[in-house]
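First the structure, in the form of structure tokens, and then the observations on it.
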Amino acid sequence: CWELIYPADPADPEYAQYLAATMEHWEELQRVVGEDIGIYQQLERTKRSPAYVEHILSERECKIARYHETMARKISE
């Protein structure tokens, strides 16, 4: 399993800088994943529509699906 934060002495200035950058990255990652979830929820609602015939993923939606496939593969390795 990947660790998001590697423990060390918080008084170490280099570690404090690393921790601040990691937490900033974590906040951004949570925002991006929230957007991904919103897109998938919108797609789910669309698929339940009686007028739904097919869905062609946009470039943005393809990137999201590819990202999650890649992450799932890396985690399983």
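Using our numbering, you'd call the opening residue of the sequence shown number -1 and step up by one each time. Ideal placement from N, C-alpha and C gives every residue a C-beta, glycine not left out.
Whether residue i touches residue j by CB criterion (8 angstroms)
i, j, result
"I73", "D34", "no"
"E59", "I37", "yes"
Rounded C-alpha distance that separates residue i from residue j
i, j, result
"E80", "V30", "Because the chain here runs from -1 to 75, residue 80 falls outside it and cannot be looked at."
"H23", "Y13", "15 angstroms"
"A19", "T44", "38 angstroms"
"R71", "L2", "18 angstroms"
"R46", "E52", "11 angstroms"
"L27", "M21", "10 angstroms"
"P48", "T68", "33 angstroms"
CB contact below 8 angstroms: residue i versus chain D
i, result
"E57", "Note that chain D does not occur in the displayed structure, where there is just one protein chain."
**Request:** Just list the beta strand (DSSP E) runs in the segment 17 to 52, keeping only unbroken ones of 3 residues or longer that don't cross its boundaries, in chain order.
**Result:** none
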